[in-house]
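Trainee:
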Amino acid sequence: MSSRRKPSRRTRVLVGGAALAVACAGVVGTVAANAADSGGTAPAAAPAAARGGDLVQSTHLTLDAATGAARAAVEAAEKDGRHVSVAVVDRNGNTLVTLRGDGAGPQSYESAVRKAFTAVSWNAPTSELAGRLAQAPGLKDIPGTLFLAGGAPVTAKGAPVAGVGVAGAPSGDLDEKYARAGVATLGH
7 MSSRRKPSRR TRVLVGGAAL AVACAGVVGT VAANAADSGG TAPAAAPAAA RGGDLVQSTH
67 LTLDAATGAA RAAVEAAEKD GRHVSVAVVD RNGNTLVTLR GDGAGPQSYE SAVRKAFTAV
127 SWNAPTSELA GRLAQAPGLK DIPGTLFLAG GAPVTAKGAP VAGVGVAGAP SGDLDEKYAR
187 AGVATLGH
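With the numbering used here, the residue at position 106 of the sequence shown is 112, and numbering never jumps.
1) Determine the direct distance from the alpha carbon of ALA54 to that of ALA136, and round the result to whole angstroms.
2) Going by the CB atoms, is the gap between VAL103 and VAL94 shorter than 7 Å?
3) List the DSSP bridge partners of SER158.
4) Measuring straight from C-alpha to C-alpha, what distance separates ASP179 and SER133?
5) Just the Cα atoms here: how many angstroms apart are ALA155 and PRO131?
6) Could you check whether the stretch 138-147 touches the stretch 67-81, counting it as contact only if at least three pairs of C-beta atoms, one from each stretch, sit closer than 8 Å?
7) Taking C-alpha atoms, which residue in VAL126, ALA75 and THR101 lies nearest to GLY193?
8) Go ahead and pull the three-state DSSP assignment for SER177.
9) On the CB-based measure, 16 or more other CB atoms within 10 Å of its CB, does ALA52 come out buried or exposed?
10) Please list, in chain order, all residues of the same chain as TRP128 whose beta carbon is under 6 Å from its beta carbon, the five residues on each side excluded.
11) So, is ALA88 buried or exposed, given that buried needs 16 or more other C-beta atoms within 10 angstroms?
12) Short of 7 Å in beta carbon distance, which residues of its chain neighbour GLY109, apart from the five on each side in sequence? Order them along the chain.
13) With a threshold of 16 other CB atoms inside 10 Å of the CB of GLY58, please say whether the residue is buried or exposed.
14) On the premise that VAL167 lies in contact with GLY161, defined as a C-beta separation below 8 Å, what is that separation, rounded to the nearest angstrom?
15) Check whether the Cβ atoms of ARG106 and LEU152 lie closer than 7 Å to each other.
16) For SER117, count neighbouring C-beta atoms within 10 Å of its own C-beta (all shown protein chains included) and say buried if the count is 16 or more, exposed if not.
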């Protein structure tokens, strides 16, 4: 005769409940796996619609306009016998176009991008911003900026939409003259 005791009713209920839970988990897992697409990812949640008050609109230059401004700046410099690089950035400081003129120095490329970024960031010519360094010397430590003359903002209805930066001429005043020549083409 065996000395094993018969499990109590409570033990049988707990064991049966656990077995039922394992079986249900397997069914749920199978259903979830079958709901996934062939790539193995779960179905995407329905897109949420943003409320009108949560949205803003912004204006951006077209690539053609940015390219035209950059070419105009390079051509203005070439007329004066100068070799420059030109960059046009969008409102967010992302580079749209860069042109490195024949004979432009290697440092001019990055400097042009940084001047354009600085001009659009503060919606001011970089020659004006360079003067502000005396009151706020920490400005020069902001990543991606260059507070030397040669950057000009592009605006639409008073708001900045782009920046044109030029580097490589013998002076920042000349760089800025060529940047302004690029900006001027956008008003026509």
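Backbone N, C-alpha and C fix where the C-beta goes; we use that ideal spot for every residue, glycine too.
Mentor: The short version:
1) Residue mapping note: residue 136 aligns to position 130 of the sequence shown, counting from 1. Residue mapping note: residue 54 aligns to position 48 of the sequence shown, counting from 1. C-alpha separation (whole angstroms): 45 Å.
2) Counting from one through the sequence shown, the residue named residue 94 turns up at place 88. Counting from one through the sequence shown, the residue named residue 103 turns up at place 97. The answer is yes: Cβ separation under 7 Å.
3) One-based indexing of the sequence shown puts residue 158 at position 152. Note that residue 158 is Ala in the sequence shown here, rather than Ser. Its beta-bridge partners are VAL170.
4) Here the question's residue 179 lines up with position 173 in the sequence shown. Here the question's residue 133 lines up with position 127 in the sequence shown. Answer to the nearest angstrom: the Cα atoms are 8 Å apart.
5) Looking up residue 155 in the sequence shown gives position 149. Looking up residue 131 in the sequence shown gives position 125. Going by the C-alpha atoms only, they are around 7 Å apart.
6) no
7) Here residue 193 corresponds to residue number 187 of the sequence shown, with the count starting at 1. Nearest C-alpha to GLY193: ALA75.
8) The count along the sequence shown starts at 1 and reaches residue 177 at position 171. The answer is coil: DSSP assigns SER177 none of H, G, I, E or B.
9) Working through the sequence shown from its first residue, we reach residue 52 at position 46. ALA52 comes out exposed.
10) The sequence position of residue 128 within the sequence shown is 122, counting from 1. Only LEU135 meet the Cβ criterion.
11) Here residue 88 refers to the residue found at position 82 when the sequence shown is read from its first residue. First, the residue type needs correcting, since residue 88 is Arg and not Ala in the sequence shown. When all chains shown are included, ARG88 counts as buried.
12) Counting from 1 along the sequence shown, the entry for residue 109 is found at position 103. Once the five neighbours on either side are set aside, the close Cβ partners of GLY109 are HIS89.
13) Taking the sequence shown and counting its residues from 1, the one referred to as residue 58 is at position 52. Exposed, by the Cβ-count rule.
14) The residue given as residue 161 occupies position 155 in the sequence shown. The residue given as residue 167 occupies position 161 in the sequence shown. Note on identity: in this sequence residue 161 is Thr, with Gly being the wrong assignment. Contact flag correct, Cβ pair sits at about 6 Å.
15) Locating residue 106 in the sequence shown gives position 100, where the first residue counts as 1. Locating residue 152 in the sequence shown gives position 146, where the first residue counts as 1. It is not a contact, given that the beta carbons lie outside the stated cut-off.
16) Numbered from its first residue, the sequence shown carries residue 117 at position 111. So SER117 counts as buried.
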